[in-house]
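**Student:**
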Amino acid sequence: MRQSSGIGVLDKAMTVLHAVAEQPCVLSELCERTGLPRATAHRLAVGLEIHHLLSRDDAGVWSLGPGLAKLAAHASDTLAEVASTVLPRLREATEESVQVYRRDGDRRICVASAEPPTGLRDTVPVGAILPMNRGSGAKVLAAWADPATQRALLADATYTERQLAEVRRRGWAQSVAEREAGVASISAPIRDAGGAVVAAISVS
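Quick note: the sequence shown uses my numbering, first residue 44, plus one each step.
#1: Excluding sequence positions up to five away, which residues of its chain have a Cβ less than 6 Å from the Cβ of T128?
#2: Can you tell me whether T203 is buried or exposed? The criterion is at least 16 other CB atoms within 10 Å of its CB, across all chains shown.
#3: With DSSP as the reference, identify every bridge partner of Q217, one or two as the case may be.
#4: Is the beta carbon of L60 closer than 8 Å to that of L96?
#5: Quick check on the DSSP output: the alpha helix (DSSP H) that includes S247 runs from which residue to which?
#6: Looking only at its chain, what residues have a beta carbon closer than 7 Å to the beta carbon of A191, apart from the 5 residues adjacent to it on each side?
#7: Between A102 and the rest of its own chain, which residues show a CB-CB distance below 8 Å, the 5 nearest in sequence each way excluded?
#8: In angstroms, rounded to a whole number, what distance separates the CA positions of T137 and R76?
#9: Does E160 come out as helix, strand or coil in the three-state DSSP assignment?
#10: Among the residues of its own chain, which have a CB less than 8 Å from the CB of R234, if the five just before and after it don't count?
#11: Taking the C-alpha atoms as reference points, what is the distance between R212 and Q206?
#12: Give the secondary structure of A242 by DSSP, where H, G and I count as helix, E and B as strand, and everything else as coil.
#13: Residues in the same chain with beta-carbon distance under 7 Å from W215, minus the five sequence neighbours each way, listed in chain order, please.
#14: Leaving out the 5 sequence neighbours to the left and right, which residues in its chain are closer than 6 Å to S156 when beta-carbon positions are compared?
#15: Between A181 and P174, which are expected to be in contact by the criterion C-beta below 8 Å, what is the C-beta distance as a whole number of angstroms?
#16: Kindly indicate the opening and closing residues of the alpha helix (DSSP H) around S106.
#17: Report the residue from D149, A188 and P160 whose alpha carbon sits nearest the alpha carbon of N176.
#18: Check for me: the alpha helix (DSSP H) holding D54 runs from which residue to which?
#19: Based on DSSP bridge pairs, tell me the residues matched to A188.
#20: To the nearest angstrom, report how far apart E135 and S245 are at their CA atoms.
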């Protein structure tokens, strides 16, 4: 169950957004998923459409709108800016490769990276796309994903629901030769000001 902010209309709008994020749908399906009355669901969806957070095609199918991508881009810029100061220090302390990943559906994207000047390296360039079905970074991002996303990821994952619960309990994940032979890694969540996990930081 999603947390309530105590602001009814905001919580309902977020319920609509999450429902459409799981899968584009028509209004009747949106009502079924959210449990909202038809008039309420329609009013909220239209309001979100006006702000470009939802889009609607000619067949009446609602999907996520371009406004969300713009918001995500700003978040990524802030994350990369912070990472540019933190990653070099972590690299120097560990003498290992370090990366920051964000989840994008069933994949993860490297948004920041720092490599040691010498020694063995696990080079992952910024912009690299990696799968979400294996690796410590993937486990962290999956562990704090919403239940529907977790179920979808677990269908093709090397990790289990029990392992994700353990990641949440201890606050970090590890992997050995999951993503690449001879490579081990450890990852931890990066949280925003509200405590939500927005990325994973990895040492490999």
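Here a beta-carbon is modelled for each residue, glycine too, at the ideal position from N, C-alpha and C. Source: prediction; values computed, not measured.
**Tutor:** To lay it out plainly:
#1: One-based indexing of the sequence shown puts residue 128 at position 85. The beta carbon of T128 sits closer than 6 Å to none of the beta carbons in its chain outside the five residues before and after it.
#2: To locate residue 203, count along the sequence shown from 1; it is residue 160. Counting the other CB atoms within 10 Å of its CB gives T203 a total below 16, which places it among the exposed residues.
#3: Working through the sequence shown from its first residue, we reach residue 217 at position 174. Answer by DSSP bridge pairing, in chain order: I229.
#4: Here residue 96 refers to the residue found at position 53 of the sequence shown. Here residue 60 refers to the residue found at position 17 of the sequence shown. For L96 and L60, yes; Cβs fall inside 8 Å.
#5: Numbered from its first residue, the sequence shown carries residue 247 at position 204. In the DSSP annotation of this structure, S247 is not part of any alpha helix (DSSP H), being labelled neither H nor E.
#6: Here residue 191 refers to the residue found at position 148 when the sequence shown is read from its first residue. Excluding five sequence positions before and after A191, the CB atoms of its chain that fall closer than 7 Å to its own CB belong to E65, given in chain order.
#7: Here residue 102 corresponds to residue number 59 of the sequence shown, with the count starting at 1. V69, listed in sequence order.
#8: Numbered from 1 along the sequence shown, position 94 holds the residue referred to as residue 137. Numbered from 1 along the sequence shown, position 33 holds the residue referred to as residue 76. T137 and R76 have their C-alpha atoms some 46 Å from each other.
#9: Stepping through the sequence shown from its first residue, residue 160 is reached at position 117. According to the sequence as given, residue 160 is Pro; it is not Glu. P160 falls in the coil class under three-state DSSP.
#10: Taking the first residue of the sequence shown as position 1, residue 234 is located at position 191. So the list reads V240 and V241, once near-sequence residues are dropped.
#11: Stepping through the sequence shown from its first residue, residue 212 is reached at position 169. Stepping through the sequence shown from its first residue, residue 206 is reached at position 163. Cα-Cα distance, rounded: 10 Å.
#12: Position 199 of the sequence shown, counted from the first residue, corresponds to residue 242. The answer is strand: DSSP assigns A242 an E or B state.
#13: As a first step, residue 215 is located in the sequence shown; it is residue number 172 there, counting from the start. Counting only Cβ-Cβ distances below 7 Å, and skipping sequence neighbours, we find I229, S230 and A231.
#14: In the sequence shown, the residue the question calls residue 156 occupies position 113. Answer for S156: Q142, V167 and V169, listed in chain order.
#15: Numbered from 1 along the sequence shown, position 138 holds the residue referred to as residue 181. Numbered from 1 along the sequence shown, position 131 holds the residue referred to as residue 174. At roughly 7 Å, the Cβ-Cβ gap stays under 8 Å, so A181 and P174 are in contact.
#16: Looking up residue 106 in the sequence shown gives position 63. That residue, S106, is in no alpha helix (DSSP H); its beta strand (DSSP E) goes W105 to L107.
#17: For the purposes of this step, residue 176 is identified with residue 133 of the sequence shown, where counting begins at 1. Shortest Cα-Cα distance from N176 to any of D149, A188 and P160 involves D149.
#18: Here residue 54 corresponds to residue number 11 of the sequence shown, with the count starting at 1. That run of the alpha helix (DSSP H) goes G51 to E65.
#19: On the sequence shown, position 145 is the one that residue 188 refers to. A188 pairs with nothing; no bridge assigned.
#20: Translated into positions along the sequence shown, residue 135 becomes position 92. Translated into positions along the sequence shown, residue 245 becomes position 202. Approximately 14 Å, taken between the alpha carbons.
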